[in-house]
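Residue numbers (the numbering used here): 19 to 305. By construction, the Cβ of each residue, glycine as well, lies at the ideal position given by its N, Cα and C atoms. Input: a single structure, listed below in structure tokens.
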């Protein structure tokens, strides 16, 4: 099955796929092993910065290796790529999925350049899934030290979403509905009614994506899935778990110099978070 098929299956059955970012091979293994243990698919993402660190072709090679080793569907996504050129680089490397994020651009440019990426990607690989973004998602994938103020104009408009999807041909739409990147000082408050209206406005074969899933209360996550979110992104939670586990390991064993020894605790910390999130999303036993 293609990624698009799993996203449509998730919407129809009332669960959501999980998307988890990586910048190291240990994190890649943790995510895919967690998915294997729960009998579900793995969607692994690299932002432009993460891909630059890990390598586009290296990420593709890791995807292929874990597909073969674990025998589960593993999909690789270029997360929040901010230019046509960056998105095309991921297409050329062999990514399964492209997220072209031009939400900070004027609306007409967002449409034009997103459509350009869709056409380029589909010409290279008809099965590739392309995600566009509409609305402005504030914050960064870290623990926020100040309050993030979400303005009304940041949020995705259902009518505009319908127009954007029809004019670009995207397979997925990232929405701004009260979510932010990173762990907020305040508890996030998702606009569930807005998600519902966007879902009603957009064709069923276009998946709705919730970015900034870290720190959103479980009840709000479940409510978002109930009204049509089919894919949820987690990054900060696993970054924090990875970093904290490494710090703890170094404090316990300050003289350890073998990476494969001190990395193992960080890998297990990431796996724990991923399994918790996949179970929350209802993704267990879906393949």
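- prompt: Looking at the structure shown, is residue 152 part of a helix, part of a strand, or coil, going by DSSP?
  reply: Taking the chain shown and counting its residues from 1, the one referred to as residue 152 is at position 134. DSSP places residue 152 in strand when its eight states are reduced to three.
Inset, instruction - Can you grab the Cα-Cα spacing for the pair residue 105 / residue 143, in whole Å? - result: Along the chain shown, read from residue 1 onward, the residue named residue 105 stands at position 87. Along the chain shown, read from residue 1 onward, the residue named residue 143 stands at position 125. CA-to-CA, the gap between residue 105 and residue 143 works out to about 14 Å.
* **Coil, strand or helix - residue 121 by DSSP** => Here residue 121 refers to the residue found at position 103 of the chain shown. In the structure shown, residue 121 falls within a coil segment according to DSSP collapsed to helix, strand and coil.
*Work out the CA separation of residue 177 and residue 83 for me, nearest whole Å.*
Position 65 of the chain shown, counting from 1, holds the residue named residue 83. Position 159 of the chain shown, counting from 1, holds the residue named residue 177. Residue 83 and residue 177 have their alpha carbons spaced roughly 42 Å apart.
| message | Taking the straight line between their C-alpha atoms, what separation do you get for residue 25 and residue 270? | response | As a first step, residue 25 must be located in the chain shown, where it is residue number 7. As a first step, residue 270 must be located in the chain shown, where it is residue number 252. Answer to the nearest angstrom: the Cα atoms are 43 Å apart.
Please report the residue range of the alpha helix (DSSP H) in which residue 265 lies. The residue you call residue 265 lines up with position 247 of the chain shown. For residue 265, the enclosing alpha helix (DSSP H) stretches over residues 254 to 270.
| field | Paired residues, beta bridge with residue 192 - DSSP | value | On the chain shown, position 174 is the one that residue 192 refers to. In the DSSP assignment, residue 192 forms a beta bridge with 151, 227.
*asked:* What does the Cβ neighbour count give for residue 122, buried or exposed, with the cut at 16 atoms within 10 Å?
replied: On the chain shown, position 104 is the one that residue 122 refers to. Exposed is the call here.
Note to self: Using only CA atoms, which one of 214, 49, 109 lies nearest to residue 78?
What the structure shows: What you label residue 78 is simply residue 60 of the chain shown in a count that begins at 1. Considering only alpha carbons, the answer is 109.
Under 8 Å by Cβ, that's how I've got residue 186 and residue 129 pegged, so tell me the actual separation to the nearest angstrom.
Translated into the one-based positions of the chain shown, residue 186 becomes position 168. Translated into the one-based positions of the chain shown, residue 129 becomes position 111. Between residue 129 and residue 186 the Cβ distance is about 6 Å, and since that is below 8 Å, they are a contact.
* **Exposed unless 16 or more other CB atoms sit within 10 angstroms - verdict on residue 75** => The sequence position of residue 75 within the chain shown is 57, counting from 1. Sixteen is the threshold: since fewer than 16 other Cβ atoms of the shown chains lie within 10 Å of the Cβ of residue 75, the residue is exposed.
Q) Is residue 189 near residue 147, with beta carbons less than 8 Å apart? A) Residue numbering aside, residue 189 sits at position 171 when the chain shown is read from its first letter. Residue numbering aside, residue 147 sits at position 129 when the chain shown is read from its first letter. The Cβ-Cβ distance between residue 189 and residue 147 falls below 8 Å.
- Query: Out of 132, 95, 247, which has the shortest C-alpha to C-alpha gap to residue 103?
  - Reply: Here residue 103 corresponds to residue number 85 of the chain shown, with the count starting at 1. With distances taken between Cα atoms, residue 103 lies closest to 132.
(message) In this structure, how does DSSP classify residue 61 when only helix, strand and coil are distinguished?
(response) Position 43 of the chain shown, counted from the first residue, corresponds to residue 61. The answer is strand: DSSP assigns residue 61 an E or B state.
(Q) Assuming the contact rule is C-beta atoms closer than 8 Å, residue 214 and residue 245 should be a hit. Round their C-beta distance to whole Å, please. (A) Numbered from 1 along the chain shown, position 196 holds the residue referred to as residue 214. Numbered from 1 along the chain shown, position 227 holds the residue referred to as residue 245. The distance from the Cβ of residue 214 to that of residue 245 is about 4 Å, consistent with a contact at the 8 Å cut-off.
Does DSSP put residue 38 in a helix, in a strand, or in coil?
One-based indexing of the chain shown puts residue 38 at position 20. Correct three-state label for residue 38: strand.
Are the stretch 276 to 284 and the stretch 88 to 102 touching by the rule of at least three beta carbon pairs closer than 8 Å? These segments do not touch.
Tell me which residue opens and which closes the alpha helix (DSSP H) that residue 292 is part of. Working through the chain shown from its first residue, we reach residue 292 at position 274. For residue 292, the enclosing alpha helix (DSSP H) stretches over residues 277 to 298.
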